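**Student:** In our numbering, the protein residues as written are 78 to 831. What follows is a structure written as structure tokens; I'll ask about it next.
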Amino acid sequence: SCDASQLCNCSSMGLDFIPLGLTAKITVLNLAHNRIKRIQSQDLQQAVNLRALLLQSNEISSIDEDSFQSLAKLELLDLSNNSLAHLSPLWFGHLFSLQHLHLQGNSYRDLGQSSLFSSLRNLSSLHLGNPRFSVIRQGNFEGIELLHKLWIDGSNLSQYEQGSLKSIKEINHMIINLRNSNIFSEIVRDLLHSVTWLEVKEIKLPVEKKSLVQNSTRPFRLQKVTFNEAFFTDQTVSRAIVLLKEITSLKELEAINCVLEGKGVWNTKEIARSGQSFVQTITIIKIMIQNFHLFFDLEGMESQISKLKRLTLASSNVFMVPCKLARHFSSLLYLDLHDNLLVNNRLDETVCKGSWPLLQTLNLSQNSLKSLEQIAKYISRIPKLNNLDISQNNFGEIPDVCEWPESLKYLNLSSTQLPKVTSCIPRRLEVLDVSANKLKEFGLQLPFLKELYLTRNQLKTLPGAAPIPNLVALSVRRNKLNSFSKEEFESFRRMELLDASDNNFICSCEFLSFIHREAGIAQVLVGWPDKYVCDSPLAVRGAQVGAVHLSLMECHRSLVVSLICVLVFLVILLLVAIGYKYHVVWYLRMTWAWLQAKRKPKRAPPKDVCYDAFVSYSENDSDWVENTMVRELEQACPPFRLCLHKRDFVPGKWIVDNIIDSIEKSHKTLFVLSEHFVQSEWCKYELDFSHFRLFDENNDAAILILLEPIQSKAIPKRFCKLRKIMNTKTYLEWPAGEEQQHVFWENLKEALKS
């Protein structure tokens, strides 16, 4: 049950005894909420480095006298809420480092005859007492000189020996539950010189006759007295005011969750005779006054409030302060009337002319105020008001113009149902809080504003910086903000704190780029990085903004698509250029024609063959073909019928189909080869379309005639089969002499007949 720092948590494990095997490594041991009944000598003997031992809420009724003997380094011991019927000073004899001791909630009735704590020289806080605790004797606290906090549950304390608490030289804060009012004054007299802050709980304040400072010499230490859950009457209040005045060091009084049975009929004459009060701060929170609407106006108390500087009267059904009384708060600087029943027409009486002359801070939040225009008018009567809180009032609307005190610097209008802001807001403000309203924009001209709080509104963008040039702190937490740009951020030149947390950020590339590149943004953004989370894109929803990095494609989608389109276009352009250079289009058309030809019978039926030969030649050789070869062959006996493209191709028919049809309807194909033939594009295409049919069938239907000498390598490389035929088979050459020409014609005719 121990972690890396040797904190061992064994609480709520149903243990009946302290576990075995505790070592010197353990620094914190939590055994709370178990069923341990006894602590024996050897249980903690090895835990010599223990700093904190938590044994509260067990069933401990017995502790061996030397159980804590080895715990010289122990700083915290909690034995509260057990079953200890008596306490022994031997338990604490060796706890020289102990600072915090909790003994409350057991069953002991007293602290014994001598001091339990004489050896605890470093003790800082002590909690003791229980519902059965009834006696405090002299000597019980001997040895303790200084305590930061002393808490005594003396709800049933019935006997207090005078001087018992005097032995403690200094106590910063003492809390005592005390129902027996008879011993209240005795305890106060003993604490006048030692306690700084005395808090008394559950007391029913008595009508004390004797002086609280009887036989006591000044100066006193007591500065603050708090009554918590106490019960007062008109008589006890009157007497308490008189008696507390005698404590000249007392500066602050508090009453929290108390009950006052009365109507404010106080003995003002006796109070006035007792002199001026030294109290400067009074705090009353949640005081219950039955029939509070019948409470008197405290006439006659004017002389007692002239030196008061701070007054809090909250959650107590206050519906007005009489004008006559308000004018006597001549020194008051701070007034808190939050969570009461103030309404607009009663505020006219509360803040009348001449009232609150030095007041600087006024809190009227959580009341029933309705008209902001009226409030501004009444508040303008307070000449030195600097700080005004009227939050959590249901205004619902705001006028265009309001009258405010010239000195007003801080204004809290949060949670007031405002749909917009207008020039009603004073221009000289330095701090403005309009959180939790219905604002969709903010564009007020506030040249002196330093802090602006717009939390929980409906803003979609940061407010403009130009109208608020001196802004130092801005809160737009929990709005509808999606992002903010570098320009928006840098426009606030004096910005030191920006709280834009808990918004639904769209983690766009621009926003993320700004966040990642902006130096020092982590020092400006409040709640960074935990409170800044992406809402979209969906892939990064829920991720911290600072941890998200989008890919190049996600960030520059349009640019990437454009680049791809350009690349595709360039590739297509390149393919077109290559196709043009290497006649790819013609190859494709040739292939298509060849595929169509493949579907036809390999040779046309005999009845469809109507030519002896199809002649393929260059236009530059047409004179020889048409005037020499055609005359010689077609006028021979028997005559040969030749197919010439000029004469026999079907007009309007695709040239490819004409070539293939002509080849299929001819027994032979004559290629009249020359330099012109090789250079002619059309002759190349005729070879392209014809060599599929001719050379694929491995027959001898092709007859080559060379009009002039030509090297086979001059024939384009793509006509590999034609080059092969020229290299492996004989061909006819046109001779120069007439005798050889006669032999040429005879050989040609024989080839055509074969």
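Each residue gets a CB set at the ideal place from its N, CA and C atoms; glycine is no exception. Fair warning: this is a prediction, and the values are worked out from it, not measured in the lab.
Out of curiosity, what's the CA-to-CA distance linking K346 and V319?
**Tutor:** Whole-angstrom Cα-Cα distance: 11 Å.
**Student:** Checking the sheet assignment: what are the DSSP bridge partners for G189?
**Tutor:** Per DSSP, none; premise fails for G189.
**Student:** Assess contact between the segment 290-300 and the segment 260-273, defined as three or more Cβ pairs (one per stretch) separated by less than 8 Å. Is contact present?
**Tutor:** The segment 290-300 vs the segment 260-273: in contact.
**Student:** Could you check the C-alpha separation between R316 and K286 for me, to the nearest Å?
**Tutor:** The alpha-carbon atoms of R316 and K286 are separated by roughly 8 Å.
**Student:** If we call anything under 8 Å between Cβ atoms a contact, is K461 one with L436?
**Tutor:** Taking 8 Å as the Cβ cut-off, K461 and L436 qualify as a contacting pair.
**Student:** Whose C-beta lies closer than 7 Å to the C-beta of V625 among residues of the same chain, with five residues either side of it excluded?
**Tutor:** Excluding positions up to five away in sequence, the list reads C584, L589, C611, V617.
**Student:** Could you check if A119 is buried or exposed, using at least 16 other CB atoms within 10 Å of its CB as the buried criterion?
**Tutor:** Per the sequence shown, residue 119 should be read as Gln rather than Ala. It counts as exposed.
**Student:** Indicate the three-state DSSP secondary structure (helix, strand or coil) for F632 in the structure shown.
**Tutor:** Correcting the residue type first, residue 632 is Cys in the shown sequence and not Phe. The answer is helix: DSSP assigns C632 an H, G or I state.
**Student:** Can you look up S693 in the DSSP assignment and give me helix, strand or coil?
**Tutor:** DSSP places S693 in strand when its eight states are reduced to three.
**Student:** Check the C-beta distance from T746 over to I782 and give it rounded, since I have them as a contact under 8 Å.
**Tutor:** Their Cβ separation, rounded to whole angstroms, is 11 Å, which puts T746 and I782 out of contact at 8 Å.
**Student:** By the DSSP assignment, the beta strand (DSSP E) with T313 in it spans what residues?
**Tutor:** Unbroken run through T313 is the alpha helix (DSSP H), 311-322; no beta strand (DSSP E).
**Student:** For E703, does the three-state DSSP call read helix, strand or coil?
**Tutor:** Helix, per DSSP.
**Student:** Classify D80 as buried or exposed, calling it buried when 16 or more other Cβ atoms lie within 10 Å of its own Cβ.
**Tutor:** Label assigned to D80: exposed.
**Student:** Helix, strand or coil for G35 per DSSP?
**Tutor:** Residue 35 lies beyond the residue range present for the chain, which begins at 78 and ends at 831; the question has no answer from this structure.
**Student:** Whole angstroms is fine: what's the gap from W731's alpha carbon to D685's?
**Tutor:** Using only the alpha carbons, I get a separation of about 20 Å.
**Student:** With the cut-off set at 8 Å, would you say G834 and Q451 are in Cβ contact?
**Tutor:** The structure shown does not extend to residue 834, since the chain is modelled only from 78 to 831, so the question has no answer here.
**Student:** Might you give, ordered along the chain, the residues of its own chain that have their beta carbon closer than 6 Å to the beta carbon of P476, omitting 5 neighbours on each side?
**Tutor:** Answer for P476: E450, C501, listed in chain order.
**Student:** Does the Cβ-Cβ distance between E276 and T303 come in under 8 Å?
**Tutor:** In this structure, T303 lies closer than 8 Å to E276 by Cβ.
**Student:** Which residues does DSSP list as the beta-bridge partners of V212?
**Tutor:** Answer is Q236, bridged to V212.
**Student:** Answer yes or no: do V637 and L629 have a C-beta to C-beta separation smaller than 8 Å?
**Tutor:** Contact flag set, yes.
**Student:** For Q215, which residues in the same chain have their Cβ closer than 7 Å to its Cβ, ignoring the five residues on either side in sequence?
**Tutor:** The residues are E238, G240, S241.
**Student:** What residues in its chain sit with their C-beta under 6 Å from that of V398, if we drop five residues either side in the sequence?
**Tutor:** Counting only Cβ-Cβ distances below 6 Å, and skipping sequence neighbours, we find T427.
**Student:** For V478, which option in N463, N464, V498 has the closest C-alpha, if you only look at C-alpha atoms?
**Tutor:** Selected option, being the one with the closest Cα: V498.
**Student:** On the CB-based measure, 16 or more other CB atoms within 10 Å of its CB, does Y609 come out buried or exposed?
**Tutor:** Y609 should be labelled buried.
**Student:** Our contact map puts L148 next to A124 with C-beta atoms below 8 Å; I'd like the distance itself, whole angstroms only.
**Tutor:** Yes, L148 and A124 are in contact; Cβ-Cβ is about 7 Å, under 8 Å.
**Student:** I need the DSSP call for R350, collapsed to helix, strand or coil.
**Tutor:** In the structure shown, R350 sits in a helix (DSSP, three-state: H, G or I).
**Student:** Output the distance between the C-alpha atoms of S383 and I359, rounded to the nearest integer angstrom.
**Tutor:** Approximately 13 Å between the Cα atoms of the pair.
**Student:** Going by beta carbon distance, what residues of the same chain come within less than 7 Å of L375, once the five residues before and after it are set aside?
**Tutor:** So the list reads G341, L402, once near-sequence residues are dropped.
**Student:** Once DSSP output is grouped into helix, strand and coil, what is the label at H744?
**Tutor:** Residue state, collapsed to three classes: strand.
**Student:** Residue range of the alpha helix (DSSP H) that L488 falls in?
**Tutor:** L488 -> not in any alpha helix (DSSP H); beta strand (DSSP E) instead, spanning 487-489.
**Student:** If you draw a straight line from the alpha carbon of L506 to that of D466, how long is it in whole angstroms?
**Tutor:** Each residue's Cα considered, the two are about 13 Å apart.
**Student:** State the beta-bridge partners of W274 as determined by DSSP.
**Tutor:** Per DSSP, H250, K301.
**Student:** If you check the beta carbons only, do S457 and W433 fall under 8 Å apart?
**Tutor:** No, Cβ-Cβ distance for S457 and W433 is not below 8 Å.
**Student:** Should L388 go down as buried or exposed, given a rule of 16 or more other Cβ atoms within 10 Å for buried?
**Tutor:** L388 is buried by the Cβ-count criterion.
**Student:** Grab the span of the beta strand (DSSP E) containing T532 for me, first residue to last.
**Tutor:** Premise fails: T532 is in no beta strand (DSSP E) and is neither H nor E.
**Student:** I need the DSSP call for C85, collapsed to helix, strand or coil.
**Tutor:** C85: strand per DSSP, three-state reduction.
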